[in-house]
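Residue numbers for the sequence shown follow the numbering used here, beginning at 1 and rising by one. Taking it in order: structure first as structure tokens, then the write-up.
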Amino acid sequence: MGEAILYQLHSLLAATALGFCRLAPTFYLLPFFASGNIPTVVRHPIIIV
Numbered sequence: 001m002g003e004a005i006l007y008q009l010h011s012l013l014a015a016t017a018l019g020f021c022r023l024a025p026t027f028y029l030l031p032f033f034a035s036g037n038i039p040t041v042v043r044h045p046i047i048i049v
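Okay, here's the thing in structure tokens:
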């Protein structure tokens, strides 16, 4: 049972990472996010949400 949870978590993490890679460039090209007034530490969670 522990292995099933591990594989499910791994596939969820992989899907999240691929989704972020697909959406992040769109948000980085927006003028508000690309102007540099938001630090990277704050920018990543905003893009993910």
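Every residue gets a Cβ at the ideal spot worked out from N, C-alpha and C, and that includes glycine.
Using beta-carbon positions only, say whether residue i and residue j come within less than 8 Å of one another.
| i | j | result |
| --- | --- | --- |
| I47 | L13 | no |
Nearest-angstrom Cα distance between residue i and residue j?
| i | j | result |
| --- | --- | --- |
| V42 | Y28 | 13 Å |
| S11 | P39 | 29 Å |
| E3 | T16 | 20 Å |
| L30 | L18 | 20 Å |
| I5 | P25 | 31 Å |
| H44 | F20 | 9 Å |
The alpha helix (DSSP H) that contains residue i, what's its start and end?
| i | result |
| --- | --- |
| I46 | 40-48 |
| L6 | 2-29 |
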